[in-house]
Ligand SMILES: Nc1ncnc2c1ncn2[C@@H]1O[C@H](COP(=O)(O)OP(=O)(O)OP(=O)(O)O)[C@@H](O)[C@H]1O
Ligand SMILES: [Mg+2]
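In my numbering, the protein residues as written are -9 to 247.
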């Protein structure tokens, strides 16, 4: 394969050297990759559309199916029914991951570990608009950060990323979007009660990760902190924390199954 056939893929931050080669994506192979591909196959077997993991190339990189479309991050804002659809996708991914353990012991590396270490579910960990391809198919990509988590911790991040990621947006509208997303997920009363505080905690944890990485020189997060992500997560974390009562009202004014 000549270098000319490789087309760099923009849009990510965490991995260097993500390229497209024909109908495939090549991405670095890391220690957790065998378990991640096993997880992706498990999720696919439950009927969820994920990029097919296609093994390893001659340079030792992951080969993944290229999914045509545009990232949700670069698409027009999702409508409430579309947000509900994404919420349903997150729910079906969580359900499909239930009971998954990799066949070989795996040293998972959660970027943001669950508070108090109460992880009980292997989760994607970054189910966000920058990892959702919208096209004929709607597909979450970038499974490499999968790690032990919980439904609450993973949903908190995902719901926030899809509905509360713009501190300048009218908060009543954002709250309605949050309600649609969580309705789509079909969250029970317990999850709804705990979600606002978990979203505040998780956004703050994200900010602290970036800030501490900046101080300790841990890349790529250290550079992301100064490159705008630090200021973004500071604003969003304050916004999510300040309006918890509004989020709670929105989550409880919708239909609880
Ligand atoms: N299977 C795929 N199908 C289509 N496009 C893809 C696929 N995998 C990656 N891409 C494109 O390449 C970009 C970078 O890939 P990816 O998100 O996997 O890398 P990353 O650097 O780990 O990202 P992040 O910063 O979100 O962790 C994506 O934003 C997307 O545009
Ligand atoms: Mg990505």
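Glycine included, every Cβ here is placed at the ideal spot set by N, Cα and C. Everything numeric in this text was worked out from a predicted model, so none of it was measured.
Host beta strand (DSSP E) of residue i (start-end)
{"i": "residue 32", "result": "It is not in any beta strand (DSSP E) - residue 32 instead sits in the alpha helix (DSSP H) that spans 23 to 35."}
{"i": "residue 198", "result": "Here residue 198 belongs to no beta strand (DSSP E); instead the alpha helix (DSSP H) covers 179 to 206."}
{"i": "residue 124", "result": "122 to 124"}
{"i": "residue 9", "result": "9 to 11"}
{"i": "residue 111", "result": "111 to 113"}
Cβ distance (whole Å) where residue i is taken to contact residue j below 8 Å
{"i": "residue 138", "j": "residue 109", "result": "3 Å"}
{"i": "residue 170", "j": "residue 235", "result": "Incorrect: roughly 19 Å between the Cβ atoms, too far for contact."}
{"i": "residue 80", "j": "residue 148", "result": "5 Å"}
{"i": "residue 5", "j": "residue 38", "result": "At roughly 22 Å, the Cβ-Cβ gap does not stay under 8 Å, so residue 5 and residue 38 are not in contact."}
{"i": "residue 116", "j": "residue 135", "result": "5 Å"}
{"i": "residue 268", "j": "residue 15", "result": "For the chain, the structure presents residues -9 to 247; residue 268 sits outside this window and is missing."}
{"i": "residue 23", "j": "residue 86", "result": "Not a contact, Cβ separation roughly 19 Å."}
{"i": "residue -4", "j": "residue 11", "result": "6 Å"}
{"i": "residue 133", "j": "residue 26", "result": "5 Å"}
{"i": "residue 184", "j": "residue 241", "result": "Not confirmed; about 10 Å, so no contact."}
Beta-bridge pairing of residue i - partner residues as DSSP gives them
{"i": "residue 98", "result": "Paired residue(s): none; residue 98 is not in a bridge."}
{"i": "residue 129", "result": "123"}
{"i": "residue 14", "result": "11, 55"}
{"i": "residue -2", "result": "9"}
Reduced DSSP secondary structure (H/G/I, E/B, other) of residue i
{"i": "residue 52", "result": "strand"}
{"i": "residue 235", "result": "helix"}
{"i": "residue 173", "result": "helix"}
{"i": "residue 137", "result": "strand"}
{"i": "residue 241", "result": "helix"}
{"i": "residue 61", "result": "strand"}
{"i": "residue 226", "result": "helix"}
{"i": "residue 248", "result": "What the structure shows of the chain is the stretch from -9 to 247, and residue 248 is not part of that stretch, so it cannot be assessed."}
{"i": "residue 105", "result": "helix"}
{"i": "residue 117", "result": "coil"}
{"i": "residue 67", "result": "coil"}
{"i": "residue 247", "result": "Residue placement at residue 247 is flagged as unreliable, the pLDDT there being 46, under the threshold of 50; a coordinate-derived value is accordingly withheld."}
Enclosing alpha helix (DSSP H) for residue i [first to last residue]
{"i": "residue 152", "result": "141 to 153"}
{"i": "residue 83", "result": "70 to 87"}
{"i": "residue 45", "result": "No alpha helix (DSSP H) contains residue 45, which is instead part of the beta strand (DSSP E) from 43 to 46."}
{"i": "residue 214", "result": "211 to 214"}
* For the 8 Å Cβ check, are there 3 or more pairs between the segment 90 to 109 and the segment 133 to 151? -> yes
* Say whether the segment 217 to 225 touches the segment 196 to 206, bearing in mind that this needs 3 or more beta-carbon pairs closer than 8 Å, one atom from each stretch. => Because the criterion of three Cβ pairs below 8 Å is met, the segment 217 to 225 and the segment 196 to 206 touch.
* Asked: Would the segment 149 to 167 and the segment 43 to 61 be scored as touching if the rule is three or more Cβ pairs under 8 Å?
  -> no
* To do: Answer yes if the segment 150 to 164 comes into contact with the segment 189 to 196, meaning at least three C-beta pairs across the two stretches below 8 Å, and no otherwise.
  => Judged by pairs of C-beta atoms under 8 Å, the segment 189 to 196 touches the segment 150 to 164, as three or more such pairs exist.
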